[in-house]
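One structure is given below, encoded as C-alpha cells.
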Amino acid sequence: MDITIEFTPAPIVMPPAHLPSREIGAALEFHGIVRELENGSALAGLHYEAHEKMARRRLEQHLAELATLYPCVAIHCIHRLGWVPVGEASLYIRILSAHRGEGIALLAATVDRLKQDVPIWKMTQPSPPAP
Amino acid sequence: MDITIEFTPAPIVMPPAHLPSREIGAALEFHGIVRELENGSALAGLHYEAHEKMARRRLEQHLAELATLYPCVAIHCIHRLGWVPVGEASLYIRILSAHRGEGIALLAATVDRLKQDVPIWKMTQPSPPAP
Amino acid sequence: MTLTILAFAQARDAFGFAERVVACAAEDTPRIVLQRVAPGVSLEHLRVALDCEYVTWDTPIGAAAELAIIPPVSGG
Amino acid sequence: MTLTILAFAQARDAFGFAERVVACAAEDTPRIVLQRVAPGVSLEHLRVALDCEYVTWDTPIGAAAELAIIPPVSGG
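Those protein sequence lines, which keep their order, are chains A, B, C and D. Everything in the first sequence is counted per my numbering, starting at 1 for the first residue and increasing by one. Everything in the second sequence is counted per my numbering, starting at 1001 for the first residue and increasing by one. Everything in the third sequence is counted per my numbering, starting at 2001 for the first residue and increasing by one. Everything in the fourth sequence is counted per my numbering, starting at 3001 for the first residue and increasing by one.
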C-alpha cells in the first residue's frame, strides 16, 4: 500500500486526482472540518500542534498494520497544523482501493487510530493571529 | 437531511463544495470507478442503464429511511448512465455530517442499498460507441 | 385499460422488447399479463414494479399505467 | 549523556517548558528524570515516548536522545 503523510501549516489543498492503475474501483475522500461548537462553546477555530516526527512515524506504523487488515492501493493523509478557522479542514484523507469495502473500513480505522494514538493536539488556545 | 439525486450521461463532475452550516465536521466523497477486470475478463468500460424515474424514487425512499438511522446534513448522489470507460466514475456520493461516524455509516449503507435494490444495471454490452 | 410494459437489461433480451403497450383488466396481475404477452418466459430472478413501486407478481394491476420488469440490479 | 525533554500541549503548561535539555544516566527512567526536573507534577493521564516510540514510565532511557511527554491526543 502506497502511504503518503503530510503536515502543513497552510490550508489543505486536495492533491490532484491520479489513478495509479486500471484496477481502482473506489476512491474515497474525507475532510475533517473544524466546527463552531466544541463542548458547547462557539469557537472561531482551533489551534493544532503535533510532535511531527513522531506523529508521522506513529501514523505510518498504524497504516502498515491496517494495510494487512484492509488492503488498499494507496492512502494519502494531510493534517493541517497551527490555526485552523471554523469551516476549514484540519484533516484530509484519500484512499484508493479495488473495492469500496476495504476503503471505507480503512478510512474509519485510520481516523479512529489517528484520534486515539497519534501525537497531535487541538487547543482552543492560543488565539488566532491578529488579522 | 438534504437529498440530491442526479443521473447524467456525461462524465461526472464533482459539484462545487459548499458548507451549508458551521456545524459540518465531516465531508465524505466517494467515487465508484469502472475497473478493467470484471469477472476475470478485461473490459474497456461498462454500459449502464436505469429505470430512471423509479431509481430516483427508490433511492429517495432508502435515503429517507437511512437518514433516521444515520442523521447527516446532506447527501448528493450522481449516477452516470450510458457508456462509462474504465478509469471513469459511474457513481459519485458526497455526504456532509456533523461527525464522521454517521457520514461513514450512511455512505456504506447507501452504496449497499443502491447495489441491492435500485433499478440500475451495468452491462458489458452494448459496445462503446464508435469514436 | 392500457398498460405500458417496460423490460430492462437482461429482461429486455428475455422478453424481446423494451416497451410494449397492452390491454388489461384491473384485476389482472403482472404474472397473468406477462404470461399472456410472452408465454414460456420464466419470471424467476425477476422482480416487478407497478408505477415505480415494487409489488409481488400476484398484485392486481389496479389503476397502474406502467409495469416494469426488473432483473437483478447491478448499479454503483 | 544528555536528554532533550519535549512537553506538548497541556503537558507544556503543567511542566512549564516546551523543551529542556538535562543530564541523565542510561539506567534512569522517564519517571525518575521528570521527578527530578519537575517534582510534584503528576504523570497521571500522560504517556511518554523515547526517540518517537511510546514506552512505559519505567523503561530505562538507554541511549535515547529525546523524551517526549504526550498528553491525551486530540488530532483529526
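Glycine is no exception: its CB is placed at the ideal position from the N, C-alpha and C atoms. Here the structure is a predicted model, which means the values were calculated and not measured.
Identify which residue in B:Glu-1060, B:Arg-1056 and B:Trp-1083 has its Cα closest to the Cα of Gln-1125 of chain B.
-> Residue 1125 of chain B sits at position 125 when you count from the first residue of the second sequence. Nearest C-alpha to Gln-1125 of chain B: B:Trp-1083.
How many angstroms separate the CA atom of Gln-2010 of chain C from the CA atom of Glu-1049 of chain B?
-> Counting from one through the third sequence, the residue named residue 2010 of chain C turns up at place 10. Counting from one through the second sequence, the residue named residue 1049 of chain B turns up at place 49. Going from the Cα of Gln-2010 of chain C to the Cα of Glu-1049 of chain B covers about 11 Å.
Could you work out which residues of chain A lie near Ala-1027 of chain B, taking near to mean beta carbons separated by less than 9 Å?
-> Numbered from its first residue, the second sequence carries residue 1027 of chain B at position 27. The contacting residues are Glu-29, Phe-30, His-31, Gly-32, Ile-33 and Ala-89.
Residues near Pro-131 of chain A in its chain [Cβ-Cβ closer than 6 Å; skip 5 each side] = Residue 131 of chain A sits at position 131 when you count from the first residue of the first sequence. Only weak support is given to the placement of Pro-131 of chain A: the predicted model assigns it a pLDDT of 48, under 50, and the value that follows is read from those uncertain coordinates. Same-chain partners within the cutoff: there are none.
Going by DSSP, what residues sit across from Trp-1121 of chain B in a beta bridge?
-> Taking the second sequence and counting its residues from 1, the one referred to as residue 1121 of chain B is at position 121. Trp-1121 of chain B pairs with B:Glu-1049.
Nonlocal neighbours in the same chain, by C-beta distance under 7 Å from Pro-3072 of chain D, ignoring five residues either side = One-based indexing of the fourth sequence puts residue 3072 of chain D at position 72. Taken in chain order, the residues that qualify are His-3045.
Leu-1046 of chain B CB to nearest chain A CB: under 7 Å?
-> Working through the second sequence from its first residue, we reach residue 1046 of chain B at position 46. With 7 Å as the cut-off, Leu-1046 of chain B does not count as an interface residue toward chain A.
Terminal residues of the continuous beta strand (DSSP E) containing Arg-1080 of chain B?
-> Reading the second sequence from its first residue, position 80 is the one you call residue 1080 of chain B. Looking at the DSSP string, the run of the beta strand (DSSP E) that includes Arg-1080 of chain B is 1074-1080.
Would you kindly work out how many angstroms separate the C-alpha atoms of Val-2021 of chain C and Gln-1116 of chain B, rounded to a whole number?
-> Along the third sequence, one-based indexing puts residue 2021 of chain C at 21. Along the second sequence, one-based indexing puts residue 1116 of chain B at 116. Cα to Cα, Val-2021 of chain C sits roughly 28 Å from Gln-1116 of chain B.
Please state whether DSSP places Thr-8 of chain A in a helix, a strand or coil.
-> In the first sequence, the residue the question calls residue 8 of chain A occupies position 8. Reduced to three states, the DSSP call for Thr-8 of chain A is strand.
Could you spell out where the alpha helix (DSSP H) holding Ala-2011 of chain C opens and where it closes?
-> The residue given as residue 2011 of chain C occupies position 11 in the third sequence. Start and end: 2009-2015.
According to DSSP, what are the bridge partners of Asp-3058 of chain D?
-> Looking up residue 3058 of chain D in the fourth sequence gives position 58. Beta-bridge pairing links Asp-3058 of chain D to no other residue.
Can the beta-carbon of Ala-3007 of chain D be found closer than 7 Å to that of Phe-3015 of chain D?
-> Looking up residue 3007 of chain D in the fourth sequence gives position 7. Looking up residue 3015 of chain D in the fourth sequence gives position 15. Yes, they are a contact pair.
How long is the line joining the alpha carbons of Asp-2058 of chain C and Leu-1107 of chain B, rounded to whole angstroms?
-> As a position in the third sequence, residue 2058 of chain C is number 58, starting the count at 1. As a position in the second sequence, residue 1107 of chain B is number 107, starting the count at 1. Roughly 35 Å separates the two Cα atoms.
From Glu-1023 of chain B to Gln-2035 of chain C, what does the alpha carbon distance come to, in whole angstroms?
-> Taking the first residue of the second sequence as 1, we reach residue 1023 of chain B at position 23. Taking the first residue of the third sequence as 1, we reach residue 2035 of chain C at position 35. Whole-angstrom Cα-Cα distance: 56 Å.
Identify the residues that DSSP records as bridge partners of Ala-135 of chain A: which are they?
-> Because chain A spans 1 through 131 in this model, residue 135 of chain A falls outside it and cannot be assessed.
For Ala-1044 of chain B, does the three-state DSSP call read helix, strand or coil?
-> Working through the second sequence from its first residue, we reach residue 1044 of chain B at position 44. If DSSP states are grouped into helix, strand and coil, Ala-1044 of chain B belongs with coil.
According to DSSP, residues forming a beta bridge with Ile-3069 of chain D | Along the fourth sequence, read from residue 1 onward, the residue named residue 3069 of chain D stands at position 69. In the DSSP output, where bridge partners are listed per residue, Ile-3069 of chain D has D:Ala-3007 and D:Val-3048.
Counted within 10 angstroms of its Cβ, other Cβ atoms place Leu-2067 of chain C as buried (16 or more) or exposed | Along the third sequence, read from residue 1 onward, the residue named residue 2067 of chain C stands at position 67. Buried, because 16 or more other Cβ atoms sit within 10 Å of the Cβ of Leu-2067 of chain C.
Reference Val-86 of chain A; option with closest CA among A:Val-34, A:Asp-112, A:His-76 and A:His-47 | As a first step, residue 86 of chain A must be located in the first sequence, where it is residue number 86. Closest option to Val-86 of chain A, Cα to Cα, is A:Val-34.
In chain A, which residues lie with their C-beta within 7 Å of the C-beta of Phe-3008 of chain D?
-> The sequence position of residue 3008 of chain D within the fourth sequence is 8, counting from 1. Neighbours of Phe-3008 of chain D on chain A, chain order: Glu-49, His-51, Pro-119 and Trp-121.
What number of angstroms, rounded off, separates the C-alpha of Ile-1104 of chain B from the C-alpha of Met-3001 of chain D?
-> Here residue 1104 of chain B refers to the residue found at position 104 of the second sequence. Here residue 3001 of chain D refers to the residue found at position 1 of the fourth sequence. Cα-Cα distance, rounded: 49 Å.
Buried or exposed: where does Pro-1020 of chain B fall if 16 or more other Cβ atoms within 10 Å of its Cβ makes it buried?
-> Translated into the one-based positions of the second sequence, residue 1020 of chain B becomes position 20. Result: exposed.
Is the beta carbon of Met-1054 of chain B less than 7 Å from the beta carbon of Pro-1009 of chain B?
-> To locate residue 1054 of chain B, count along the second sequence from 1; it is residue 54. To locate residue 1009 of chain B, count along the second sequence from 1; it is residue 9. No.
What residues are listed by DSSP as bridge partners for Arg-2020 of chain C?
-> Walking along the third sequence from the start, residue 2020 of chain C turns up at place 20. BP columns for Arg-2020 of chain C point to C:Ile-2005.
Taking Val-2033 of chain C as the reference, give the member of C:Glu-2019, C:Arg-2047, C:Ile-2061 and C:Asp-2013 with the closest Cα.
-> What you label residue 2033 of chain C is simply residue 33 of the third sequence in a count that begins at 1. When only C-alpha atoms are compared, the closest one is C:Ile-2061.
Three-state secondary structure (DSSP) of Ala-108 of chain A = For the purposes of this step, residue 108 of chain A is taken as residue 108 along the first sequence, with counting starting at 1. Residue state, collapsed to three classes: helix.
When burial is assigned at 16 or more other CB atoms within 10 Å of the CB, is Leu-1037 of chain B buried or exposed?
-> Sequence index remark: in the second sequence, residue 1037 of chain B carries index 37 (1-based). Exposed: under 16 other Cβ atoms inside 10 Å.
Host alpha helix (DSSP H) of Arg-22 of chain A (start-end) | Taking the first sequence and counting its residues from 1, the one referred to as residue 22 of chain A is at position 22. Run containing Arg-22 of chain A: none; DSSP gives neither H nor E here.
Run down chain A in chain order and give the residues with a C-beta less than 7 Å from the C-beta of Leu-1107 of chain B.
-> Here residue 1107 of chain B refers to the residue found at position 107 of the second sequence. What Leu-1107 of chain B touches in chain A: Ile-104.
When the cut-off is 7 Å and only beta carbons count, does Pro-1128 of chain B lie next to chain A?
-> Translated into positions along the second sequence, residue 1128 of chain B becomes position 128. In this predicted model, Pro-1128 of chain B has a pLDDT of only 49, less than 50, meaning its place in the structure is not dependable enough to derive any value.
Between Pro-11 of chain A and Glu-88 of chain A, which are expected to be in contact by the criterion C-beta below 8 Å, what is the C-beta distance as a whole number of angstroms?
-> By 1-based counting over the first sequence, the position of residue 11 of chain A is 11. By 1-based counting over the first sequence, the position of residue 88 of chain A is 88. With 8 Å as the limit, Pro-11 of chain A and Glu-88 of chain A qualify as a contact, their Cβ atoms being about 6 Å apart.
Taking C-beta pairs closer than 7 Å, name the residues in chain A that Glu-1065 of chain B reaches, listed in chain order.
-> Position 65 of the second sequence, counted from the first residue, corresponds to residue 1065 of chain B. Within 7 Å Cβ-Cβ: nothing; Glu-1065 of chain B doesn't reach chain A, min ~20 Å.
In three-state DSSP terms, what is Pro-131 of chain A?
-> What you label residue 131 of chain A is simply residue 131 of the first sequence in a count that begins at 1. A caution first: Pro-131 of chain A carries a pLDDT of 48, below 50, which makes its placement in the model unreliable, though a value can still be read off. The answer is coil: DSSP assigns Pro-131 of chain A none of H, G, I, E or B.
Residues sharing a beta bridge with Glu-2053 of chain C, DSSP | Against the third sequence, residue 2053 of chain C aligns to sequence position 53. BP columns for Glu-2053 of chain C point to C:Leu-2050.
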